[in-house]
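Residue numbers (the working numbering), protein chains in the order written: chain A, 1 to 410; chain B, 411 to 820; chain C, 821 to 951; chain D, 952 to 1082.
Glycine included, each C-beta is placed from N, C-alpha and C at the ideal position.
The structure presented is a predicted model; accordingly, all values stated were derived computationally and were not measured.
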Amino acid sequence: MLKSYFIDVKGILHDFPILSRKINGHRLVYLDNAATTQKPLQVIEAVNDFYLKHNANVHRSVHTLGEEATELYEGAREKVASFINAGSEEIVFTRGTTESINLVRFAWAEKYLEKDDVILLTMMEHHSNIVPWQLVARKKGAKLRYVGVDKEGRLKFDELERDIAGSRILAITHCSNVLGTVNDVKKACSLARKNGVLTVVDAAQSAPHIRVDVREIGCDFLAFSGHKMLAPNGIGVLYGRKEILQEMDPFHGGGDMIKEVFLDHATWNDVPYKFEAGTVNTGGAIGLAEAIRYIEKIGIENIEKHERAVTQYCLETLSKIEGLLIYGPQEAKGRVGVVSFNIKGAHPHDVATILDRNGIAIRSGHHCAQPLMNHYSVPAMCRASFYLYNTLEDVDRLYQGIKKVKEVFG
Amino acid sequence: MLKSYFIDVKGILHDFPILSRKINGHRLVYLDNAATTQKPLQVIEAVNDFYLKHNANVHRSVHTLGEEATELYEGAREKVASFINAGSEEIVFTRGTTESINLVRFAWAEKYLEKDDVILLTMMEHHSNIVPWQLVARKKGAKLRYVGVDKEGRLKFDELERDIAGSRILAITHCSNVLGTVNDVKKACSLARKNGVLTVVDAAQSAPHIRVDVREIGCDFLAFSGHKMLAPNGIGVLYGRKEILQEMDPFHGGGDMIKEVFLDHATWNDVPYKFEAGTVNTGGAIGLAEAIRYIEKIGIENIEKHERAVTQYCLETLSKIEGLLIYGPQEAKGRVGVVSFNIKGAHPHDVATILDRNGIAIRSGHHCAQPLMNHYSVPAMCRASFYLYNTLEDVDRLYQGIKKVKEVFG
Amino acid sequence: MSSADIYKEIILDYYRNPRNFGKMEKFDSSARDSNPLCGDEIEMQVKFEGSKISEVRFVGRGCAISQASASMLTELAKGKDVEWVKNLSKDDILKMLGNPDLGPSRIKCALLGMKVLKQAVYSYAASKTEV
Amino acid sequence: MSSADIYKEIILDYYRNPRNFGKMEKFDSSARDSNPLCGDEIEMQVKFEGSKISEVRFVGRGCAISQASASMLTELAKGKDVEWVKNLSKDDILKMLGNPDLGPSRIKCALLGMKVLKQAVYSYAASKTEV
Ligand SMILES: Cc1ncc(COP(=O)(O)O)c(C=O)c1O
Ligand SMILES: Cc1ncc(COP(=O)(O)O)c(C=O)c1O
């Protein structure tokens, strides 16, 4: 295996037993990390340790297990808060990015959005940062406007600058899950703030890969998913500025989010508990905290540099293939490790199937970004996406796999 | 350890290593099962096996891991469906009971409820079957009405019969998490159906302990939580009758719940996917399916009988203690293994703390049922709740612990 | 080559040169469906003589499996009775394709054509009973 | 007895015979708070002489820890300066209670009285600066 210079991949590979699996006779090359990442043993063991030794309901029970579970859960919240430079009470645990954004839709937008207000999106949003806004816009008579994407796959910032003034909400992804583009969300949020526009940043594809600092970005809300950053399914984060969380309506009604319940009404608990109704996913939160510890041990800057090296090599390697078209920025700068492409004459699903026969897992489809697919006039794309355990050799395997595709569909 | 006649507790105890833990020098007696249950090794290993061998995003990826994950996830849905005698497409995976009920609130009640409609609840509902209805009632100008509870802790069925006709929704718990009462939800749903009233059954405290058959009950919706029945946190179920699910609005907007997304609108996927936006909790669903397998191996009827025997013994034992008041039915018949009580002169939290010093974990507080607390004019209660691994010896330990409480507060 | 089990020459041939591709001016019934995962799309038009299919054509876009499967099916269906279509099963389609080794999501691609043809036939049958 | 570390005789004594329990007719400031977990409730009324607390009484209901802690604090606070209250810390309260071994949720019970007293003092201070 080629040595990469920023992460000792050989040294961490035994943390991910699944990566030694054989698929159709070949060692698995897992290049579907933008969909979900694999989980290191450390994370699995942290979750197991909770269930085997400390499992109880949090907040509600004063017995020893209950106290331990509460400390672990609130400790996980502190870990997440420090990871993105937020306050603990600004961290709401959710199921994932999708639920986080829907929470803002239900608890902020349903309350404050008014008829003819404009929600400004971008053409490179994931469905989970589009559909919630469509739903609330229809309900409240608000309008959607989209910032375009240029040929290179970059946001048309001049359109954002033009349209921000008349808007009420800016919903913008930090990194595109299709193009890999890193958007300057700091600049976008600063423009928004000057115009009194609420900002919702989708960090699903950034938090796992590059440093995310909510104070520096200056956003009102920011959402990401644990499962895309080494943690188990079912846990995610909504960061919200404290003052905004406080003025919001609650989301789900139920246990733990209330202070007192009477027959006809109830009063709400403090933030962030107001938004965490019912039994929380303590195991998931503990897993996410351990995943962050794993990321911090390697260093998020090292992860970023490592992935940039792999991405650069991938862009160079694939661009040698005739009839292969790469979408998005053609160099690794200002980009995360997501490389989408199409091969002339071969449908993405056929490409994915042939690669899978060779042990290579990529994603094919619309990547939950149909507006962007329509922008490029394709129904689907192939996508290879990297994480800290991928190597240059994985890219070579992808290259060889694509050559086999071309043998069939050439 | 005393042998119980319906479950070989000694034989399964090694499946729950946490139960061998020492708490403050004593072997743990875990009597907080109505809050959350412990997890057997089988469940933990099934989840680990998924993450270590098959982890991928479901539905979206055609590579081998993606196919395996999808089969495991949809297999879990079938397991849950057969457990409660539903069709697979009637099972929506949620985080838990609270989210399930809020889903009905947002996706059914926000659409269909009208001004002056009546939502009929009971005085023994958990906050998660009260607060969502308060919130939607306020929004739509609807009204709440409560069916009372008699001295013995039974539902006043005559009130239900009287009030059902003018109602739009009946939200009723199958088993009370405070009194242990089992409500005749079959009869309640039959009355509701005759009057065209939508039924929402909270099965959080029944599905883990007694047979639940949605066809027999005849409800429109039924909700329960995995973590209260041996499964991990973060997974729960909403059963909905297929025709009703189909006519409902979607809940969260995002990936996987759509068929096609355009700039200004989207079309919805089939049920149940319409209600499962974003990356789902595959690990959790697999854990729940394995938990159901564990329950079925022992046999839900055996669990019910075993718990009834332990409960009967508990009721008899505690009723010997002077100054101890038991709430709810005074015999185990028509009751699940939840025993709430108060001790004269001792606040429940002090009771719980002293029991914890003796290794016994009970819950103290309002049990997310403040309306019921007000009905009994107490701020809080002590609660011991059993599951399949509890024994008569655990009840003896509780008895001895309460004697220590009385030494301090007697 | 390890992909040979799925992408047999015959499938590739039907993908590259789809038989019965195109639209008819006159037809008795038509149907259209898509596969949300792949974005595969198939539309079919059918002419009947009595209870027999006299002609069937399709248009569509998508992966090799979905397009080849639809095209092969149009050939097979010609001259067959309505009942034959109603009785078509997953296994029939897989056999038609030479039993390729398809996972559960790719099977949906293979079955899209059958789904559309059945819709067309059922809506034709429904229109007849109404008369 | 293993519970002795928390339920010392002195705590039980203050629980059973709370000092300074009851309401005053005239006072300068008051505050009330509750603990959603336990349902513990404490209300305090405070009289000041200049910047000193001249009298403080409380009413409430709840667990032994919360009630004893509030009662002991009223005794301690009498005659103290407003600044003394503002500087009160978790450790001061635990020391007052004889350093019982309380988990994080029971600590909230112990601190409820302090929280309420601080609220009363701060709102008094706020009312003074407004003048
Ligand atoms: C009767 C009842 N309903 C609902 C709930 C809420 O379940 P969850 O917290 O898992 O959402 C509970 C338990 O907390 C319960 O006992
Ligand atoms: C950019 C982006 N936003 C949002 C999501 C949705 O995240 P989740 O499915 O975890 O809710 C994803 C991934 O699917 C994504 O890539």
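Answer yes or no: the CB of residue i versus the heavy atoms of ligand 1, is any distance below 7 angstroms?
i: B:Thr508; result: yes
i: B:Asp442; result: no
i: B:Asn539; result: yes
i: A:Ala384; result: no
i: B:Thr447; result: no
i: A:Thr279; result: yes
i: B:Thr609; result: no
i: B:Gly614; result: Strictly speaking, residue 614 of chain B in this sequence is Ala, with Gly absent from that position. Yes - ligand 1 has a heavy atom lying nearer than 7 angstroms to the Cβ of B:Ala614.
i: B:Cys778; result: yes
i: B:Ser635; result: yes
i: A:Gly254; result: yes
i: B:Gly646; result: yes
i: B:Asn587; result: yes
i: B:His536; result: yes
Report whether the distance from the Cβ of residue i to the nearest heavy atom of ligand 2 is below 7 angstroms.
i: C:Gly842; result: no
i: C:Cys858; result: no
i: A:Thr282; result: no
i: A:Cys219; result: no
i: A:Ser364; result: no
Compare the C-alpha of residue i against each of the options and name the closest.
i: B:Glu562; options: B:Met534, B:Ala547, B:Arg555, B:His759; result: B:Met534
i: C:Lys938; options: C:Lys915, C:Leu917, C:Val866; result: C:Val866
i: B:Lys597; options: B:Leu765, B:Glu571, B:Arg564; result: B:Glu571
i: A:Thr259; options: A:Ala277, A:Glu243, A:Met248; result: Note on residue identity: the sequence assigns Lys, not Thr, to residue 259 of chain A. Selected option, being the one with the closest Cα: A:Ala277.
i: A:Lys404; options: A:Phe224, A:Ser364, A:Thr353; result: A:Thr353
i: A:Ala46; options: A:Gly283, A:Val310, A:Gly323; result: A:Gly283
i: B:Leu798; options: B:Arg431, B:Gly435, B:Leu441, B:Glu700; result: B:Leu441
i: A:Glu74; options: A:Leu315, A:Ala369, A:Glu331, A:Ala285; result: A:Ala285
i: B:Cys629; options: B:Tyr415, B:His759, B:Cys599, B:Gln452; result: B:Cys599
i: C:Ser874; options: C:Ile927, C:Gly933, C:Gly918, C:Met844; result: C:Met844
i: A:Trp108; options: A:Asp49, A:Lys194, A:Phe221; result: A:Phe221
i: B:Tyr704; options: B:Val761, B:Ser492, B:Met639, B:Pro739; result: B:Met639
i: A:Gly236; options: A:Lys22, A:Asp350, A:Thr36; result: A:Thr36
i: B:Leu531; options: B:Ser510, B:Thr609, B:Ile708; result: B:Thr609
i: B:Gly811; options: B:Pro427, B:Lys420, B:His436; result: B:His436
i: A:Val131; options: B:Leu673, B:Ala790, B:Ile702, B:Glu700; result: B:Leu673
i: C:Val905; options: C:Ser871, C:Arg877, C:Tyr834, C:Asp860; result: C:Ser871
i: B:Gly697; options: B:Lys707, B:Val453, B:Val595, B:Glu803; result: B:Val453
i: B:Trp543; options: B:Ser510, B:Glu569, B:Ala575, B:Asp568; result: B:Ser510
i: C:Val917; options: C:Glu903, C:Pro924, C:Ser891, C:Lys846; result: The question names Val, but residue 917 of chain C in the sequence shown is Leu. Nearest option by C-alpha distance: C:Ser891.
i: B:His776; options: B:Leu545, B:Gly769, B:Tyr786; result: B:Tyr786
Buried or exposed: residue i, going by 16 or more other Cβ atoms within 10 Å of its Cβ?
i: B:Glu717; result: buried
i: B:Leu412; result: Because B:Leu412 sits at a pLDDT of 46, beneath the cut-off of 50, its placement in the model cannot be relied upon, and the point is left open.
i: A:Thr267; result: exposed
i: B:Lys743; result: exposed
i: B:Glu500; result: buried
i: C:Tyr827; result: buried
i: B:Gly747; result: buried
i: A:Gln38; result: buried
i: B:Asn539; result: buried
i: C:Tyr830; result: In the sequence as presented, Tyr is not what sits at residue 830 of chain C; that position holds Ile. Per the 10 Å Cβ criterion, exposed.
i: D:Asn1038; result: exposed
* Listed from N- to C-terminal order along the chain, which residues in the stretch 739-765 of chain B have their beta-carbon within a distance smaller than 7 angstroms of any beta-carbon of chain D? -> His757, His759, Asp760, Thr763, Ile764
* Asked: Taking a cut of 9 angstroms between CB atoms, which residues from the stretch 956-969 of chain D lie near chain B?
  -> Asp956, Ile957, Tyr958, Leu963, Tyr966, Arg967
* What are the residues of the stretch 443-474 of chain B that lie near chain A, defined by any Cβ-Cβ distance shorter than 7 angstroms? -> Ala445, Thr446, Gln448, Lys449, Ile454, Asn458, Tyr461, Leu462, Lys463, Asn465, Ala466, Asn467, Arg470, Ser471, Val472, His473, Thr474
* Where the stretch 878-904 of chain C meets chain A: residues whose CB sits under 8 angstroms from a CB there -> Arg881, Gly882, Cys883, Ala884, Ile885
* Under 7 angstroms (Cβ pairs) to chain D, residues found in the stretch 773-784 of chain B -> Gly775, His776
* According to a CB-to-CB cut-off of less than 9 angstroms, which residues of the stretch 63-88 of chain A neighbour chain D? -> His63, Thr64, Gly66, Glu67, Glu68, Thr70, Glu71, Glu74
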